[in-house]
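2 protein chains.
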Amino acid sequence: MAADPLSRVFAALADPTRRDMVARLTAGDATVNELAAPYSVTVQAVSKHLKVLAEAGLVSRTRDAQRRPVHLEAEVLDLMTAWIERYRREAEERYRRLDRVLAAMPDDVEPVAPTEGM
Amino acid sequence: MAADPLSRVFAALADPTRRDMVARLTAGDATVNELAAPYSVTVQAVSKHLKVLAEAGLVSRTRDAQRRPVHLEAEVLDLMTAWIERYRREAEERYRRLDRVLAAMPDDVEPVAPTEGM
DNA sequence: AGCTTGTTCAACCAATTGGTTGACAACGAC
DNA sequence: GTCGTTGTCAACCAATTGGTTGAACAAGCT
């Protein structure tokens, strides 16, 4: 899965169950059993999902007697947002420039070597 | 990998090679061979990566003689941003409320049943 | 000490992934 | 038509994934 941090975060959220758990954790910390309740899988499977989220830095665990409450670390989401927004912006800028070029181009001009390296 | 659209987009970007290809495509459309050049993998492997990106809706292919230029569809990124921002915002709001409660709490009060269901 | 609750570890399984090689289709050029 | 280019399809492989069951560990309760 390519161990770099960004890949881990994307991979962690590429699963609906894990996304759902993250969503639930925005409402407050929860134990493994609480998190497992809504799903039809075993508690061990949920524990594995949490391990993936933890390795991506999305959640942390604290100890409270024999419970291990799960806490959402929302800042990691910024890593992704930064990546996404950067390239979305670049793509948009390129479209804008292209639009400008097309608008400035007289109607009868044959378009050449479409935009390579522009 | 759980076939829903959001999962597909996250999974597609959970690979550094594919993220790199997306980044390169913000500079303009490119053919499979052009995209393959910088990497040490076969062109077939790159073709597979592109298939993943296409199934996530991140790129589209047009036909230009025997070339198949790849075009970035940046709007799909908004799907992710929407998801991420929603939950990041919710998490932040919760922290703010919690801060307010803690600030309003007299120093000598024993904290009870920490925040469950709040 | 012994039982119960909460959580994880270990082994296993089927399905998927990212990569390979080799064959093949589609098209432009000679 | 035949040749080189561009790209995909098919089969295969090792590694990973998401799930299972069963055992083990950890901490409180009686």
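Residue numbers (our numbering), protein chains in the order written: chain A, 107 to 224; chain B, 107 to 224. The beta-carbon is built from N, C-alpha and C at its ideal position, and this holds for glycine as well. Computed from a predicted structure; not experimentally measured.
Ordered along the chain, which non-local residues of its own chain (more than five positions away) have a Cβ less than 8 Å from that of residue i?
| i | result |
| --- | --- |
| B:Thr137 | Arg173, Arg174, Pro175, Val176 |
| B:Gly163 | Pro111, Arg114, Val115, Glu179, Val182 |
| B:Asn139 | Val149 |
| A:Leu185 | Pro111, Leu112, Val115 |
| A:Met107 | Ser113, Arg114, Ala117 |
Quick one: what's got a C-beta closer than 6 Å to residue i's C-beta in the same chain, skipping five residues either side?
| i | result |
| --- | --- |
| B:Leu131 | Leu178 |
| A:Ala142 | Val149, Val152 |
| B:Val158 | Ala118 |
| B:Ala171 | none |
Skipping 5 residues on each side, what residues in its chain have a beta carbon closer than 7 Å to that of residue i?
| i | result |
| --- | --- |
| A:Ala109 | none |
| A:Glu196 | none |
Please confirm whether residue i has its beta-carbon closer than 8 Å to some beta-carbon of chain A.
| i | result |
| --- | --- |
| B:Asp126 | no |
| B:Ser113 | yes |
| B:Leu185 | no |
| B:Leu119 | yes |
| B:Ala129 | yes |
| B:Ala197 | yes |
Counting only beta-carbon separations shorter than 8 Å, does residue i have a partner in chain B?
| i | result |
| --- | --- |
| A:Asp110 | yes |
| A:Arg200 | yes |
| A:Leu178 | yes |
| A:Arg194 | yes |
| A:Thr132 | yes |
| A:Asp205 | no |
| A:Ala188 | no |
| A:Ala143 | no |
Distance check for residue j and residue i, CA to CA, integer angstroms please.
| i | j | result |
| --- | --- | --- |
| B:Asp126 | B:Ile190 | 21 Å |
| B:Pro144 | B:Ala129 | 13 Å |
| A:Thr187 | B:Ala210 | 33 Å |
| B:Val115 | B:Pro122 | 14 Å |
| A:Val147 | A:Arg124 | 13 Å |
| B:Ala133 | A:Arg194 | 11 Å |
| A:Arg192 | A:Thr168 | 34 Å |
| B:Arg202 | A:Asp135 | 15 Å |
| B:Ser166 | B:Ala160 | 6 Å |
| A:Leu119 | B:Ala117 | 8 Å |
| B:Glu198 | B:Leu204 | 10 Å |
| A:Arg200 | B:Val207 | 47 Å |
Between residue i and the ligand HEM, is there a pair consisting of the residue's CB and a ligand heavy atom that are separated by less than 7 Å?
| i | result |
| --- | --- |
| A:Phe116 | Among the ligands in the structure shown, none appear at all, so the ligand HEM cannot be discussed. |
Segment contact, 8 Å Cβ cut-off, at least three pairs: the segment 151-159 of chain B with the segment 149-169 of chain A: These segments do not touch.
Cβ-based contacts, 7 Å cut-off: residues of the segment 152-181 of chain B near chain A: Under the 7 Å Cβ criterion, the segment 152-181 of chain B contributes Leu178, Ala180.
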